[in-house]
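Numbering (the working numbering), first residue to last: 317 to 412.
Glycine is no exception: its CB is placed at the ideal position from the N, C-alpha and C atoms.
Since we're looking at a predicted model, the values are computed, not measured.
Working notes, beginning with the structure itself.
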């Protein structure tokens, strides 16, 4: 199991409720891709390509892309697209 710091947990906890305030009409094609050097990405251990099929952005509860999309939005990184095959410490199993 991956350990996350208290700071990461608090940042994640605060980002998720505020993401609901963002307009839902933005699609990943309109958003720039998240850079691995982004300070939040670095803090959350974001990697652009994971080898772990069980934990990828496209099967994370926070991922906002449609099934089959190569990238999509993420509640943790508002205004940025993340790759479907990416991963970060905020990964949470998708409900359902």
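1) Name the two residues that bound the continuous alpha helix (DSSP H) containing residue 397.
2) Considering only residues of the same chain and omitting the five flanking positions on each side of residue 373, which have a CB-CB separation below 6 Å?
3) On the three-state DSSP scale, how would you describe residue 408?
4) Can you give me the start and stop residues for the beta strand (DSSP E) that residue 387 sits inside?
5) My guess is that residue 396 and residue 348 are in contact by the Cβ rule of under 8 Å, so how many angstroms apart are they, rounded?
6) Among all the DSSP beta bridges, which residues are the ones paired with residue 379?
Short version:
1) Working through the chain shown from its first residue, we reach residue 397 at position 81. No alpha helix (DSSP H) holds residue 397; the beta strand (DSSP E) holding it covers 397-399.
2) Residue numbering aside, residue 373 sits at position 57 when the chain shown is read from its first letter. 379, 398, 400 and 402, listed in sequence order.
3) As a first step, residue 408 is located in the chain shown; it is residue number 92 there, counting from the start. Coil at residue 408, not helix or strand.
4) As a first step, residue 387 is located in the chain shown; it is residue number 71 there, counting from the start. First-last of the beta strand (DSSP E) with residue 387: 387-389.
5) Counting from 1 along the chain shown, the entry for residue 396 is found at position 80. Counting from 1 along the chain shown, the entry for residue 348 is found at position 32. The pair is a contact, with the Cβ atoms about 6 Å apart (cut-off 8 Å).
6) For the purposes of this step, residue 379 is taken as residue 63 along the chain shown, with counting starting at 1. Per DSSP, 390.
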